[in-house]
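Read through the structure below, which is laid out as structure tokens, and then see the notes.
There are 2 protein chains.
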Amino acid sequence: MPKPLIALDWGTTRARAFLISEAGAVLERRIADRGIQSVPAGGYPDAFAELAGDFRQAAPDAAIVLAGMVGSRNGWIEARYVPCPASPAEIAAAAIKVELDAQTTATILPGLSCDDGAFDVMRGEETLIVGLGLSDGIACLPGTHSKWAEIRQGRITRFASFMTGEIYGLLRNDSILARLAEAPSESDTAEGAARGRAAAGRAGGLLNTAFAARTEVLAGRMAGGAVGPYISALLVGQEIAGAEALFGKGQTIHLVADGALAESYGAGLQARGHTVQIVSPEAAFVAGIGRLAAGLPA
Amino acid sequence: MPKPLIALDWGTTRARAFLISEAGAVLERRIADRGIQSVPAGGYPDAFAELAGDFRQAAPDAAIVLAGMVGSRNGWIEARYVPCPASPAEIAAAAIKVELDAQTTATILPGLSCDDGAFDVMRGEETLIVGLGLSDGIACLPGTHSKWAEIRQGRITRFASFMTGEIYGLLRNDSILARLAEAPSESDTAEGAARGRAAAGRAGGLLNTAFAARTEVLAGRMAGGAVGPYISALLVGQEIAGAEALFGKGQTIHLVADGALAESYGAGLQARGHTVQIVSPEAAFVAGIGRLAAGLPA
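Here the protein sequences come in this chain order: B and X. With the numbering used here applied, the first sequence closes on residue 476, and no number is skipped along the way. With the numbering used here applied, the second sequence closes on residue 476, and no number is skipped along the way.
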């Protein structure tokens, strides 16, 4: 019997709280800079009250499910990684209970691990992947540490992380390339992105092609405003190439992104011949936490 | 008729000055944190006197030749890039004269440019490459922005830069990997380097394999001390793979390096099946500037 759901995507720097109806509709949403790094030891019940106390008043019988870094070693309590391959039922079965107050428990979802030669982990993204509802397919979740996952027969069989967003920030803001970078005009954005996508296919690799952002500007062949878009498209192209090498080519990619990331990854994927299905992170999270909540042990 | 030579490798942050005998022996050497970024406009004659004034007293008839960033737009005076392919004679012919005082001129060597799809430049490394005295071969000059060059029939035909050293610093000191990195023990260095070299051959590419430095430590499978050596060997391996894609495999690589760089690049090159000839940067510079000085127009 479904009940309303209070669901939190509780990450390192931010928390997103949702009140979701029995039918799966988002009734309320909130985003706050109240990630686990801002919560002191023992402070989770208070932080939860701050984030979603009014949702509890609105829906006193709601189930409460928390996903993301809240279940990490540095969070409320550690919910261990479930090794891949993992089904939604196996993920739900590894959830653990915490006490919000004497009358009320919340459920913390685990993360996933994968040992595909190198060890890898995710925490939070597995809920979005489950939300895609795929029986078979490839999911791409761009971000600071992008995740790609393979789903077979409804189980997440393996996945890989890419430091794309973080390395973009380092190159754009802290490297020698930063000195030449300027705020892009609209044509700079288009030109830089086209050049970066082309550079991702060049033979020398990332360490070589990143440097060209400098030399092309010094030679007067590229505008300073194109440096950021060039680096971004180059890194996205390198990430996609790496993911193709791991997960294969020529498949539909389920891209969990919105805004600028949806645009840049969508363009990068299409340029390399992929068919793309775009789902917003909120839609994927709400669907995924609903599926996992339905499978939780009583 | 050879004369003694006062030669400066005058870079952005550092300057190296040499007094070289007619026979090519280094009689005196000096290194100072007196790169061009520390020299004010108009301050070059004074900076030169500070760096090598006593060399002039010791050898009043010496030729004076300056290489490196001193010839850049931000240096003493711009000596334009010579486009590849370029012979030592063509490089020497593009040198320009500056006045140290009313009686004395010095010669500033140009840099090299290459337009092999993407535009690339070097300034200073060309002198070391000339110093290798190769008729045909591949040179590797590791550093903040490593250079690889191809030499055919005595001319530098093309080259490519790699941001290896700079990206190492960003990942090791400023990325999420820095938090887990510790000072390496001897066994950490060996283990991290072996793992990094292996990771450079994995399918996911740099953005994926860099992240494994984090997850392998979190999983307790790699020591924090191995993080730095892992990143270093991974990047060196990626640089070599990129250079192989550009310049071909199975050749002798003339490695211009000493100390830790000679060790890490030597190991990385040998692991990928290359034969390696190591030359120290000083030996390459002294030989190169001697050859170029001999070819200067009167």
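By construction, the Cβ of each residue, glycine as well, lies at the ideal position given by its N, Cα and C atoms.
Contact between Ala435 (chain X) and Ile418 (chain X) is ruled out by a C-beta separation of about 13 Å, above the 8 Å threshold. At a cut-off of 8 Å between beta carbons, Asp211 (chain X) makes no contact with chain B. Between Asp314 (chain B) and the set B:Gly249, B:Glu304, B:Ser442, B:Ala327, the nearest pair of CA atoms involves B:Ala327.
Shown here for Ala270 (chain B): same chain residues with a beta carbon closer than 6 Å to its own, the five before and five after excluded, namely Leu470, Gly473, Leu474 in chain order. In the displayed model, Gly403 (chain B) falls within a helix according to three-state DSSP.
Taking a Cβ-Cβ threshold of 8 Å, none of the residues of chain B is close to Asn252 (chain X); the smallest such distance is about 11 Å. With contacts defined by Cβ atoms closer than 8 Å, Ile467 (chain B) and Ala245 (chain B) form a contacting pair. Take the alpha-carbon of Pro362 (chain B) and the one of Thr283 (chain B): they are about 49 Å apart.
Taking Ala338 (chain B) as reference, the option from B:Gln331, B:Gly311, B:Met300, B:Leu358 with the minimal CA-CA separation is B:Met300.
At a C-beta separation below 7 Å, Gly382 (chain B) has these neighbours in chain X: Ala338, Gly420, Ala423, Leu424. Of all residues in the region 339-363 of chain B, only Ser339, Phe340, Met341, Thr342, Glu344, Ile345, Leu348, Leu349, Asp352, Ser353, Ile354 place a beta-carbon less than 8 Å from a beta-carbon of chain X. Against Phe196 (chain B), chain X offers no close residue; the least beta-carbon distance is about 28 Å (beta-carbon pairs closer than 7 Å). When secondary structure is reduced to three states using DSSP, Ala241 (chain B) falls in the strand class.
At least one beta carbon of chain B lies nearer than 8 Å to the beta carbon of Ala388 (chain X). Contact between the region 248-258 of chain B and the region 210-220 of chain B is present: three or more C-beta pairs spanning the two stretches fall below 8 Å. Taking 8 Å as the cut-off, the beta carbon of Val308 (chain X) is found no closer than this to the beta carbon of Pro261 (chain X). If you draw a 10 Å sphere on the C-beta of Ser365 (chain B), you find fewer than 16 other C-beta atoms in it, and that means exposed.
Around the beta-carbon of Asp187 (chain X), 16 or more other beta-carbon atoms lie within 10 Å, marking it buried. Taking a Cβ-Cβ cut-off of 8 Å, the neighbours of Asp298 (chain X) in chain B comprise Phe389, Ala390, Thr393, given in sequence order.
Against chain X, the CB of Ala397 (chain B) has a partner CB under 8 Å away; the residue lies at that interface.
Minimum Cα-Cα distance from Leu312 (chain B) among the listed residues B:Pro223, B:Arg330, B:His323, B:Gly295 corresponds to B:Arg330. A Cβ of chain B is located within less than 8 Å of the beta carbon of Ala377 (chain X). Our two residues, Gly374 (chain X) and Ala296 (chain X), have alpha carbons roughly 28 Å apart in a direct line. A check of alpha carbon separations from Gly383 (chain B) across X:Ile354, X:Leu413, X:Pro407 identifies X:Leu413 as the nearest. Distance from the CA atom of Glu344 (chain X) to the CA atom of Asp352 (chain B), rounded to whole angstroms, is 10 Å.
Every alpha helix (DSSP H) stretch that sits fully inside the region 184-258 of chain B and reaches 4 residues is listed by chain position as 222-236. Under DSSP, Thr285 (chain X) takes part in a beta bridge, and its partners are X:Val243, X:Lys275. Taking a Cβ-Cβ cut-off of 7 Å, the neighbours of Gly295 (chain X) in chain B comprise Arg380, given in sequence order. Interface annotation, Gln416 (chain B): in contact with chain X, CB-CB separation under 8 Å.
Taken in chain order, the members of the region 305-334 of chain B whose beta-carbon sits within less than 7 Å of a beta-carbon on chain X are His323.
Cα atoms of Val395 (chain X) and Ser291 (chain B): separation of roughly 14 Å, rounded to the nearest angstrom.
By the beta-carbon neighbour count (other beta carbons within 10 angstroms, threshold 16), Leu287 (chain B) is buried.
The shortest CA-to-CA distance from Met341 (chain X) to any of B:Ala377, B:Ala390, B:Arg380, B:Ser324 is the one to B:Ala390.
Counting along the chain, Ala471 (chain X) sits inside the alpha helix (DSSP H) bounded by residues 459-472. Taken atom to atom, the span from the alpha-carbon of Arg207 (chain X) to that of Gly398 (chain B) is near 38 Å. As the crow flies, the alpha-carbon of Gly220 (chain B) is around 12 Å from that of Asp279 (chain B).
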